[in-house]
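Each residue of the sequence shown is one higher than the one before, counting from 1 in the UniProt record's numbering.
All residues carry an ideal CB built from backbone N, CA and C; glycine is no exception.
Here the structure is a predicted model, which means the values were calculated and not measured.
Quick notes on the structure that follows.
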Amino acid sequence: MKVKICGVTSPEDLALVDAAGADFAGFVLWPRSKRHVTLGRLAELARVPVRLRRVGVFMDATPAEVARAVRVGRLDVVQLYRCPFRPAGVAVWRATPGPAAEAIVLDAAPGQGVVGDWAHAARLARRRRLVLAGGLTPGNVADAVAAVRPWCVDVAGGTEAAPGRKDPDKVYDFIRKAKQ
Numbered sequence: 001m002k003v004k005i006c007g008v009t010s011p012e013d014l015a016l017v018d019a020a021g022a023d024f025a026g027f028v029l030w031p032r033s034k035r036h037v038t039l040g041r042l043a044e045l046a047r048v049p050v051r052l053r054r055v056g057v058f059m060d061a062t063p064a065e066v067a068r069a070v071r072v073g074r075l076d077v078v079q080l081y082r083c084p085f086r087p088a089g090v091a092v093w094r095a096t097p098g099p100a101a102e103a104i105v106l107d108a109a110p111g112q113g114v115v116g117d118w119a120h121a122a123r124l125a126r127r128r129r130l131v132l133a134g135g136l137t138p139g140n141v142a143d144a145v146a147a148v149r150p151w152c153v154d155v156a157g158g159t160e161a162a163p164g165r166k167d168p169d170k171v172y173d174f175i176r177k178a179k180q
């Protein structure tokens with residue numbers, strides 16, 4: 001089971017997420033998000049030495065914006081919402097099946113903490129590499145993993161003390177329960 005902790009906004013939280021054993025850290029590059037990071041902050045986060053993979057999350061971005069963020073942020077993966085193109089040289093996760101996506105992200109309402117339909121997710125997970133997101137917390141992630149059997153679980157708000165600030169206990173608890 002892979003784990004992505006999304007909405008990372010500070011070097012301290014990135015180091016925490018890495019030390020806790022996450023496989024991916026997500027950086028939101030959509031300006032309307034409460035967890036948005038600027039390109040300057042993304043460059044700062046790129047200098048933090050970590051073993052995990054870096055995921056840039058984009059909505060309604062242009063190919064040039066994505067390419068610049070990939071370069072500046074040393075991104076390994078781009079997670080695209082309403083971006084109908086295929087960036088070169090980086091893995092792609094999409095909210096809907098699209099051009100050459102390595103994984104499908106199932107999130108009932110991106111960034112809103114809404115739990116989705118796990119029965120539908122389980123059917124999709126049998127056919128595709130699925131990243132399950134939406135309303136996941138340390139209290140429900142083990143049930144979600146058992147019900148859906150996704151390739152990866154993705155959490156933001158469920159591991160926060162406040163928007164954009166991670167709670168160490170929640171981060172460690174979420175990862176432990178997801179991987180048990």
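| Check | Outcome |
| --- | --- |
| Any 3 or more C-beta pairs closer than 8 Å across the segment 164-179 and the segment 18-28 | yes |
| Reduced DSSP secondary structure (H/G/I, E/B, other) of V8 | coil |
| Reduced DSSP secondary structure (H/G/I, E/B, other) of W93 | strand |
| Best match in T159, C6, A178 for proximity to V78 [C-alpha to C-alpha] | C6 |
| Helix, strand or coil at E160 [DSSP, three-state] | strand |
| Residue of L75, E65, D76 minimising C-alpha distance to F85 | E65 |
| Which of helix, strand or coil DSSP assigns to A133 | strand |
| Proximity to P87 [Cα-Cα], best of Y81, D76, A67, V105 | A67 |
| R47 versus G116: straight-line alpha-carbon distance, rounded | 35 Å |
| Which residues DSSP lists as bridging R53, in chain order | F24 |
| Closest by C-alpha distance to G40, when choosing among G21, M59, G73, D13 | G73 |
| 8 Å Cβ cutoff met for K4 and D154 | yes |
| Under the three-state DSSP convention, the category A46 falls into | helix |
| For L29, three-class secondary structure by DSSP | coil |
| Through-space distance from A69 to L14, alpha-carbon basis | 17 Å |
| R51 versus D18, V105, C83, residue with shortest Cα-Cα distance | D18 |
| Nearest-angstrom Cα separation, counted from M59 out to C83 | 7 Å |
| Where T159 falls, given that 16 or more other Cβ within 10 Å makes a residue buried | buried |
| Pick from L106, A178, R129, R126 that is closest to G139, judged by C-alpha positions | A178 |
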